[in-house]
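S.K.: Going by this note's numbering, the sequence shown opens with residue 1120, and the numbers climb by one from there.
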Amino acid sequence: MEQVFILLGTIAGVYAVLVATYLASCLVVTRLNRGIEAAKIQARATTPVLVRRDRRQSLLSLAGIAAMFGAGQWTYGTLGWGFAAPTGIIGTVASALASLVLFDAWFYWFHRLIHTRPLYPRVHQWHHMTVTPVVWSNNSDRLVDNLFLQSYWLVAHLLFPVAPAVLLAHKLYDQVTGIIGHSGWEHGGRWCWPPSPLVAVTHHDQHHRYFRCNYATHFTWWDRLMGTLHPEHDAEVKSNIRRTETVRCDATLRPTER
Ligand SMILES: [Zn+2]
Ligand SMILES: [Zn+2]
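#1: Within the same chain, show all residues whose beta-carbon is closer than 6 Å to that of residue 1341, passing over the 5 residues directly before and after it, in chain order.
#2: Report whether the distance from the Cβ of residue 1247 to the nearest heavy atom of ligand 1 is below 7 Å.
#3: If you draw a straight line from the C-alpha of residue 1361 to the C-alpha of residue 1277, how long is it?
#4: Across which residues does DSSP place residue 1124 in a beta bridge pair?
#5: List the whole-angstrom C-beta distance separating residue 1189 from residue 1274, where the pair is believed to meet the contact cut-off of C-beta under 8 Å.
#6: For the region 1300-1318 and the region 1347-1363, state whether three or more C-beta atom pairs, one from each stretch, are separated by less than 8 Å.
#7: Quick one: any contact between the region 1153-1162 and the region 1227-1246, if contact means 3 or more CB pairs under 8 Å?
#8: Below 6 Å CB to CB, which residues in the same chain sit around residue 1283 once its five sequence neighbours on both sides are set aside?
#9: Indicate whether the contact test is met: 3 or more Cβ pairs, each with one atom in the region 1295-1302 and one in the region 1202-1217, closer than 8 Å.
#10: Within the same chain, show all residues whose beta-carbon is closer than 7 Å to that of residue 1148, passing over the 5 residues directly before and after it, in chain order.
#11: Identify the continuous alpha helix (DSSP H) that holds residue 1227 and give its terminal residues.
#12: To the nearest angstrom, how far is it from the Cα of residue 1166 to the Cα of residue 1121?
#13: Identify the residues that DSSP records as bridge partners of residue 1317: which are they?
#14: Just how far apart, CA to CA, sit residue 1286 and residue 1186?
#15: Start and end of the alpha helix (DSSP H) containing residue 1257?
#16: Residues in its own chain within less than 6 Å of residue 1174 by CB, not counting five upstream and five downstream?
#17: Which residues in the same chain as residue 1327 place their Cβ atom closer than 6 Å to its Cβ, once the five residues preceding and following it in sequence are excluded?
#18: For residue 1238 and residue 1225, I'd like the C-alpha separation in whole angstroms.
#19: Look at the alpha carbon of residue 1364 and the alpha carbon of residue 1198, and state the distance between them as a whole number of angstroms.
#20: Quick one, which of 1351, 1320, 1352 has its alpha-carbon nearest residue 1337's?
#21: When the Cα of residue 1323 is compared with those of 1150, 1230, 1143, 1215, which residue comes out closest?
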């Protein structure tokens, strides 16, 4: 019985952290979008009904992710399943990098799978109802969609040696970058300047617009390797980064010019 309480407590704790990160990131990124309206990637606006739908569904979907992440921690911590975590600094850093690379591959291939004809309508279509994503759209997925894309967090300890804290830090990085990636403005900056492997906001924004391209989540290399990167990806990333820089620069100069 005590084991069940530990499991439920872990899931509740993870859910609280994920929801707090979701709300805080959405509010901060919305604030960052203010003042640079002219640099918005898509001219089309998302209806308030759709935004409310995405916000509601995200809070539900985060519970599904918390259940998987929490269950993974419980089987590792309580039942002792999985590889022993590295203890030194080098091992910890290596495990964090391995997790980023492994999850990106997991996400890329399962994302391609749920875009196939038999799976798409029942699994992934919900997320694509929003063509012009907003911060709140990040976790607006059906629960079955999470079983494909987010089950990594349930089994990660069985795949390679990684500490729970490293896995949680990675999940929070994924949560924050996912929200920025759905924000509708190019916040990537010079870190994402092609051929940098880091995905820019434009990468996932194009996925929502063109649908059959840009499937990865952290890095562009799988899309480049498999030929699924949008043909205009690099050019549009550069132009959107420049546009954000120009509009931001104009916005900071304006008050002193008066
Ligand atoms: Zn998709
Ligand atoms: Zn999306």
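We put the CB at the ideal spot given by N, CA and C, even for glycine.
M.R.: In short:
#1: Looking up residue 1341 in the sequence shown gives position 222. For residue 1341, where only same-chain residues beyond five positions count, the Cβ hits under 6 Å are 1227, 1335.
#2: For this step, residue 1247 is matched to residue 128 along the sequence shown. Yes - ligand 1 has a heavy atom lying nearer than 7 Å to the Cβ of residue 1247.
#3: The count along the sequence shown starts at 1 and reaches residue 1361 at position 242. The count along the sequence shown starts at 1 and reaches residue 1277 at position 158. Each residue's Cα considered, the two are about 43 Å apart.
#4: As a working note, residue 1124 is residue 5 in the sequence shown. Bridge partners of residue 1124: none, in fact.
#5: Along the sequence shown, read from residue 1 onward, the residue named residue 1189 stands at position 70. Along the sequence shown, read from residue 1 onward, the residue named residue 1274 stands at position 155. Residue 1189 to residue 1274, Cβ: 13 Å. No contact.
#6: yes
#7: no
#8: Along the sequence shown, one-based indexing puts residue 1283 at 164. Taken in chain order, the residues that qualify are 1192.
#9: no
#10: Locating residue 1148 in the sequence shown gives position 29, where the first residue counts as 1. So the qualifying residues of the chain are 1254, 1298, 1299, 1302.
#11: Counting from 1 along the sequence shown, the entry for residue 1227 is found at position 108. Per DSSP, residue 1227 belongs to the alpha helix (DSSP H) from 1208-1232.
#12: Residue mapping note: residue 1166 aligns to position 47 of the sequence shown, counting from 1. Residue mapping note: residue 1121 aligns to position 2 of the sequence shown, counting from 1. Taking the straight line from one Cα to the other gives about 46 Å.
#13: The sequence position of residue 1317 within the sequence shown is 198, counting from 1. 1338.
#14: For the purposes of this step, residue 1286 is taken as residue 167 along the sequence shown, with counting starting at 1. For the purposes of this step, residue 1186 is taken as residue 67 along the sequence shown, with counting starting at 1. Their backbone Cα atoms lie some 15 Å apart in a straight line.
#15: By one-based count along the sequence shown, residue 1257 stands at place 138. Per DSSP, residue 1257 belongs to no alpha helix (DSSP H) and is neither H nor E.
#16: The residue labelled residue 1174 in the question sits at position 55 within the sequence shown. If you ignore the 5 residues before and after residue 1174, its C-beta comes within less than 6 Å of the C-beta of 1255, all in its own chain and listed in chain order.
#17: The residue labelled residue 1327 in the question sits at position 208 within the sequence shown. Cβ within range, chain order: 1250, 1252.
#18: For this step, residue 1238 is matched to residue 119 along the sequence shown. For this step, residue 1225 is matched to residue 106 along the sequence shown. Taking the straight line joining both Cα atoms gives about 17 Å.
#19: Indexing the sequence shown from 1 puts residue 1364 at position 245. Indexing the sequence shown from 1 puts residue 1198 at position 79. Roughly 51 Å between the two C-alpha positions.
#20: Position 218 of the sequence shown holds residue 1337. For the residues 1351, 1320, 1352, the minimum Cα distance to residue 1337 belongs to 1320.
#21: Position 204 of the sequence shown, counted from the start, is the residue given in the question as residue 1323. For the options 1150, 1230, 1143, 1215, the alpha carbon positioned closest to that of residue 1323 is the one of 1230.
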